[in-house]
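Q: Okay, here's the structure, questions in a sec.
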Amino acid sequence: MFSMTPEDFDTVVKVHLYGTFNTMHHASKYWRVESKEGRQPSASIINTVSSAGLQGQASQINYGAAKAGIAAMTIIASLELVRYGVRANCIGPGGFTRMVGQARSDIEIKNPEEYTEFNPMNPGNSAPAVVWLASDDSKPVTGQVIRLVGNSLCVYKPWEMGEEFFATDQDGNPTQWDPTRIGHILNRYHFHTMNPGIDAQRRA
1 MFSMTPEDFD
11 TVVKVHLYGT
21 FNTMHHASKY
31 WRVESKEGRQ
41 PSASIINTVS
51 SAGLQGQASQ
61 INYGAAKAGI
71 AAMTIIASLE
81 LVRYGVRANC
91 IGPGGFTRMV
101 GQARSDIEIK
111 NPEEYTEFNP
121 MNPGNSAPAV
131 VWLASDDSKP
141 VTGQVIRLVG
151 NSLCVYKPWE
161 MGEEFFATDQ
171 DGNPTQWDPT
181 RIGHILNRYH
191 FHTMNPGIDA
201 QRRA
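Going by my numbering, the sequence shown opens with residue 1, and the numbers climb by one from there.
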């Protein structure tokens with residue numbers, strides 16, 4: 001972040017986030033017209049994300065921000081396009097790609113078909129998820145971020161609210177939070193960095 005220029009940030013965001021939006025934008029306009037004219041599509045958007053955006057990775061604030069944006073954009077698109085017969089999902093691939101090779105000279109980069117036996121870093125291992133998402137077998141699935149790296153398959157959990165804590169006065173009535181109480185509650189009951197002790201009531 002410290003040495004990154006605004007131009008560096010903008011270039012990466014425009015390639016990944018803008019590029020993904022532009023493709024979805026024009027495709028969705030076409031599918032919408034088709035649907036309105038009685039030709040209901042059965043279409044699948046498959047966008048590419050990265051753990052740099054979903055889990056965070058130092059030194060990749062521009063790339064990570066763009067990839068996180070793609071995940072959010074895909075989920076929103078799935079809500080907007082479902083009525084037109086279009087599903088939208090993300091794939092989180094992994095492996096020793098050419099991009100990895102540019103950063104690490106100690107890694108031998110191969111094309112997927114050049115691997116003669118299973119290697120967890122073969123980028124081709126991620127391809128079956130793309131095949132499935134493009135097939136009719138995945139018709140019920142939309143708004144998901146699926147990670148397939150090596151032989152490991154999982155679905156990312158989206159942003160979701162954790163346990164809620166409510167500020168109340170001495171009589172139990174709703175009230176505004178006191179800033180000095182926020183750390184008291186979160187450290188004890190969310191981060192678990194402090195022992196709740198006898199403070200059994202989660203009240204501000």
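For glycine and all other residues, C-beta sits at the position ideal for the given N, C-alpha and C.
All figures in this text were calculated on a predicted structure; none of them were measured in a lab.
Could you tell me the distance, in whole angstroms, from the CA atom of E117 to the CA atom of S152?
A: Counting from one through the sequence shown, the residue named residue 117 turns up at place 117. Counting from one through the sequence shown, the residue named residue 152 turns up at place 152. Taking the straight line joining both Cα atoms gives about 17 Å.
Q: In angstroms with no decimal places, state the Cα-to-Cα distance between S28 and V131.
A: Counted from its first residue, the sequence shown places residue 28 at position 28. Counted from its first residue, the sequence shown places residue 131 at position 131. Going from the Cα of S28 to the Cα of V131 covers about 21 Å.
Q: What whole-angstrom Cβ distance do I70 and H16 have, given they're in contact under 8 Å?
A: Within the sequence shown, the letter at position 70 stands for residue 70. Within the sequence shown, the letter at position 16 stands for residue 16. Right, their Cβ atoms sit about 7 Å apart.
Q: Check whether the stretch 130-147 and the stretch 108-122 are in contact - that is, three or more C-beta pairs closer than 8 Å.
A: Too few Cβ pairs lie closer than 8 Å, so no.
Q: Which residues in the same chain as G150 place their Cβ atom closer than 6 Å to its Cβ, once the five residues preceding and following it in sequence are excluded?
A: Residue mapping note: residue 150 aligns to position 150 of the sequence shown, counting from 1. Once the five neighbours on either side are set aside, the close Cβ partners of G150 are P120 and N125.
Q: So if DSSP puts G92 in a beta bridge, which residue, or which two residues, is it bridged to?
A: Here residue 92 corresponds to residue number 92 of the sequence shown, with the count starting at 1. Answer by DSSP bridge pairing, in chain order: R147.
Q: Are the stretch 4-16 and the stretch 30-44 in contact at 8 Å, needing three or more beta carbon pairs?
A: Contact fails: fewer than three Cβ-Cβ distances are below 8 Å.
Q: For M4 and D10, what's the separation of their Cα atoms in angstroms?
A: As a first step, residue 4 is located in the sequence shown; it is residue number 4 there, counting from the start. As a first step, residue 10 is located in the sequence shown; it is residue number 10 there, counting from the start. In a straight line, the C-alpha of M4 is about 10 Å away from that of D10.
Q: Please look up how many angstroms separate the CB atoms of K67 and A88, rounded, as I've assumed it's under 8 Å.
A: Your numbering for residue 67 matches position 67 in the sequence shown. Your numbering for residue 88 matches position 88 in the sequence shown. Between A88 and K67 the Cβ distance is about 15 Å, and since that is not below 8 Å, they are no contact.
Q: Just mark N173 as buried or exposed, buried being the case when its beta carbon has 16 or more other beta carbons within 10 Å.
A: For this step, residue 173 is matched to residue 173 along the sequence shown. Exposed, since its Cβ has fewer than 16 Cβ neighbours within 10 Å.
Q: Which residues in the same chain have their Cβ closer than 6 Å to the Cβ of G95, if we skip the five residues on either side of it in sequence?
A: For the purposes of this step, residue 95 is taken as residue 95 along the sequence shown, with counting starting at 1. Excluding residues within five positions, the ones whose Cβ falls inside 6 Å are M121, N122 and P123.
Q: Counting C-beta neighbours from all protein chains within 10 Å, is the total for R83 16 or more, i.e. buried, or is it exposed?
A: Within the sequence shown, residue 83 is the residue found at index 83, counting from 1. R83 should be labelled exposed.
Q: Tell me which same chain residues have a C-beta within less than 8 Å of the C-beta of A167, skipping the five on either side of it?
A: Taking the first residue of the sequence shown as position 1, residue 167 is located at position 167. These residues qualify, in order along the chain: P174, T175, Q176, W177, D178, R181, R203 and A204.
Q: On a Cα-Cα basis, can you pick out the residue from M1, F165 and M194 that is closest to Q60?
A: In the sequence shown, counting from the first residue as 1, residue 60 sits at position 60. Of the listed residues, the one whose Cα sits closest to Q60 is M1.
Q: Measure from the alpha carbon of I91 to the alpha carbon of each residue in D106, D169 and V49, then state which is nearest.
A: Mapped onto the sequence shown, residue 91 falls at position 91. Checking every option, the nearest Cα to that of I91 belongs to V49.
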